[in-house]
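Protein chains: 2
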Amino acid sequence: MKIGIIGLGLMGGSLGKTLKKLGGHEVYGYDISETTMLKADMLGAINGELNEETAKDIDMLIVSLYPSAFLSSIERFLPLLKSGAIVTDFCGIKRQTMQDMRELSKKYPHLIFIGGHPMAGREFSGIDRSVSTLFDKASMILTNVNADIFVLEQVKNFYLSLGFAEVVITSPEYHDRAIAFTSQLCHIVSNAFIKNEIASEHFGYSAGSYKDLTRVARLNPEMWAELMMMNKDNLSLELDELIGNLVKYSEALKSGDKAELKKLLSEGNERKLLIDARKK
Amino acid sequence: MKIGIIGLGLMGGSLGKTLKKLGGHEVYGYDISETTMLKADMLGAINGELNEETAKDIDMLIVSLYPSAFLSSIERFLPLLKSGAIVTDFCGIKRQTMQDMRELSKKYPHLIFIGGHPMAGREFSGIDRSVSTLFDKASMILTNVNADIFVLEQVKNFYLSLGFAEVVITSPEYHDRAIAFTSQLCHIVSNAFIKNEIASEHFGYSAGSYKDLTRVARLNPEMWAELMMMNKDNLSLELDELIGNLVKYSEALKSGDKAELKKLLSEGNERKLLIDARKK
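From first to last, the protein sequence lines stand for chains A and B.
In short: position in the first sequence from 1, add 4, done, that's our numbering.
In short: position in the second sequence from 1, add 4, done, that's our numbering.
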């Protein structure tokens, strides 16, 4: 296929590298930064520039930018795309871009719009950190706008060929509600955890649980602030539910109620066992 | 060396297996459960039973039990040990057992007492889950009672030979303060996180950050309730500090203050970068 990628950061760059490694695809990329464009070329992440000329033959256009940049970045290319071309995105929040896509599908009814969110990432950003293995065994989430079942199947197989372990189709509303918990809340907790005063002391030792919990304290603040703010309804509900639960442990500790603390820990333990059992 | 191990659960069992794999040691174990004793024997984690006879020749006695069981489990063996024998423990909290050891060192001045906490573990418990690789690259923390520098050096080298990457000597007070944050708080957060209502829904997808954050939600409630309650002063301070920080994110979200949210995320990000840089 001929693939266009707008935005050649960690995700877009990794996509280009993955496609080039896989072979059988032509990749045309565009990034607002000239340096990034040069790097993408040097790193072999693209075959050439996505421009007025190359856009005409593109089979699938993938926008890998912040949700707020989606609309403005894509309008230049949409009038050039051939009939039946697929337009998709990599935004971590789906309600906003789905609304944009629904509007665009009325204006460009000959194009196919599907939202996408690759559940992959690293605690780094930028094309320098992009790798051709980023999507290995990850989940890809799709939120459909106007694709028929055959196109969806095609897109699903495309992502599976990139190394994704599964492709799940869901609604933008459910996606945003789930992601508030499984991704955004994790990042807030990790980012807040490292702020405890004692974290700045050098222990000379740490356990695996600490390394795991603080891994994603490192993040791109601009991007995550935007994604979280666009999902603030879901995310603040999840965060307040977590805070409410944490307060229970604090109260049990402060009142010296060991039986209550054990009960709280048992409830979490049993819930974790139940959830893990269901996954198998 | 001739090593005695009291308590053949995940930690004690793993210690026995590690020593037997390493060779050059004789391992005598005792567990209150007959089934565990039989399993330890069958799994090759011990050479024989630690009893009135074998205790006489032990060079080092390691107690791998809950802190509350430390004193009662050990009193049977202490009068039998030879002069210069080392008595140590694997308890996750050090102030309590250090107090016990200080008392014992007055009663048995010919014995050497050193507290120990291997910063290793799994989200499972029991000898069935014990492995000879549990201590690989982990940190071992020692809190000294009455050992001289030569014995400490000997004990340090002993633990390094088991696969530990580092052996750190610190005070029981500092240990308990640090561990409240680097281990106990991680377990509470993970255990509370999984309690959000939405966690029980089957997503069909999840990100690495979610897997990492919920890994230690599974724990031994009885053991952790005891360890946490014995450290409730330190732990409740750390927990309340975290809750206070989480509330700031919640407020920024609910008031729609993107600049404030970005500032909070940037602070955590920079702190993480600073801490990681210091480790190198």
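Positions of the beta carbon are idealized from the N, C-alpha and C atoms, including for glycine.
1. Assuming residue 163/A contacts residue 155/A under a Cβ cut-off of 8 Å, what Cβ separation, rounded to an integer in Å, is found between them?
2. Just to confirm my understanding: we take residue 251/B, look at its own chain, exclude 5 residues before and 5 after, and list those with CB closer than 7 Å. What are they?
3. Spell out whether any CB of chain B is found under 7 Å from the CB atom of residue 185/A.
4. Mark residue 207/A as exposed unless 16 or more other C-beta atoms lie within 10 angstroms of its C-beta, in which case mark it buried.
5. Identify every residue that forms a DSSP beta bridge with residue 121/A.
6. Can you give me, in chain order, the residues of the segment 240-263 of chain B that have a beta carbon less than 7 Å from any beta carbon in chain A?
7. Between 97/B, 99/B, 72/B, 59/B, which lies nearest to residue 91/B when the distance is taken from Cα to Cα?
8. Three or more C-beta pairs closer than 8 Å, one from the segment 247-262 of chain B and one from the segment 16-25 of chain B: is that the case here?
9. Taking the DSSP output, what are the residues bridged to residue 65/B?
10. Within 10 angstroms of its Cβ, does residue 46/A collect 16 or more other Cβ (buried), or is it exposed?
11. I'd like the list of long-range same chain contacts for residue 227/A, defined as Cβ closer than 7 Å, with 5 residues on each side in sequence excluded.
12. Going by DSSP, name the residue or residues bridged to residue 52/B.
13. In chain B, which residues lie less than 7 Å from residue 276/A when you measure between Cβ atoms?
14. Suppose you measure from the CA of residue 259/A to the CA of residue 85/B; what does that come to, to the nearest Å?
15. Alpha carbons only, please: which of 37/B, 167/B, 80/B is nearest the one belonging to residue 112/B?
16. Can you list, in chain order, the residues of the segment 7-27 of chain B whose Cβ is nearer than 7 Å to any Cβ on chain A?
17. Taking all protein chains shown into account, do 16 or more other C-beta atoms lie within 10 angstroms of the C-beta of residue 93/A, making it buried, or fewer, making it exposed?
18. Please state whether DSSP places residue 226/A in a helix, a strand or coil.
19. Give the interface partners of residue 190/A over in chain B, defined as CB-CB distance under 7 Å, in chain order.
20. What is the C-beta distance between residue 150/B and residue 242/A, in whole angstroms, given that I count them as a contact (C-beta under 8 Å)?
21. Under the DSSP definition of a beta bridge, which residues are partnered with residue 170/B?
22. Are residue 229/B and residue 276/A closer than 7 Å when you measure CB to CB?
23. What do you get for residue 273/A, buried or exposed, if any count of 16 or more other CB atoms within 10 angstroms of its CB means buried?
In this structure, then:
1. For the purposes of this step, residue 163/A is taken as the residue at position 159 of the first sequence. For the purposes of this step, residue 155/A is taken as the residue at position 151 of the first sequence. The pair is not a contact, with the Cβ atoms about 13 Å apart (cut-off 8 Å).
2. Residue numbering aside, residue 251/B sits at position 247 when the second sequence is read from its first letter. Answer for residue 251/B: no residue qualifies.
3. On the first sequence, residue 185/A is found 181 positions in, with the first residue counted as 1. Answer yes: the Cβ-Cβ gap between residue 185/A and chain B drops below 7 Å somewhere.
4. Stepping through the first sequence from its first residue, residue 207/A is reached at position 203. Its Cβ being crowded by 16 or more others within 10 Å, residue 207/A is buried.
5. Your numbering for residue 121/A matches position 117 in the first sequence. DSSP lists 145/A as partners of residue 121/A.
6. 240, 242, 243, 244, 245, 246, 247, 249, 250, 251, 253, 254, 257, 258, 260, 262
7. To locate residue 91/B, count along the second sequence from 1; it is residue 87. Residue 91/B has its Cα closest to that of 59/B, out of 97/B, 99/B, 72/B, 59/B.
8. no
9. Position 61 of the second sequence, counting from 1, holds the residue named residue 65/B. BP columns for residue 65/B point to 8/B, 91/B.
10. As a working note, residue 46/A is residue 42 in the first sequence. Exposed: under 16 other Cβ atoms inside 10 Å.
11. Here residue 227/A refers to the residue found at position 223 of the first sequence. Around residue 227/A: 70.
12. By 1-based counting over the second sequence, the position of residue 52/B is 48. Residue pairing of residue 52/B in beta bridges, as defined by DSSP: 32/B.
13. For the purposes of this step, residue 276/A is identified with residue 272 of the first sequence, where counting begins at 1. Near residue 276/A (Cβ distances below 7 Å), the residues of chain B are 198, 218, 221, 222.
14. Here residue 259/A is taken as the residue at index 255 of the first sequence, counted from 1. Here residue 85/B is taken as the residue at index 81 of the second sequence, counted from 1. Residue 259/A and residue 85/B have their C-alpha atoms spaced approximately 41 Å apart.
15. Counting from 1 along the second sequence, the entry for residue 112/B is found at position 108. That would be 80/B, whose Cα lies nearest to the Cα of residue 112/B.
16. none
17. If you number the first sequence from 1, residue 93/A lands on position 89. Burial call: buried.
18. For this step, residue 226/A is matched to residue 222 along the first sequence. If DSSP states are grouped into helix, strand and coil, residue 226/A belongs with the helices.
19. Residue 190/A sits at position 186 when you count from the first residue of the first sequence. Simply 213, 214, 217.
20. As a first step, residue 150/B is located in the second sequence; it is residue number 146 there, counting from the start. As a first step, residue 242/A is located in the first sequence; it is residue number 238 there, counting from the start. The beta carbons of residue 150/B and residue 242/A sit about 51 Å from each other, so the pair does not count as a contact at 8 Å.
21. On the second sequence, residue 170/B is found 166 positions in, with the first residue counted as 1. Answer is 143/B.
22. As a working mapping, residue 229/B is identified with position 225 in the second sequence. As a working mapping, residue 276/A is identified with position 272 in the first sequence. Not in contact: residue 229/B and residue 276/A (Cβ atoms no closer than 7 Å).
23. Indexing the first sequence from 1 puts residue 273/A at position 269. That one is buried.
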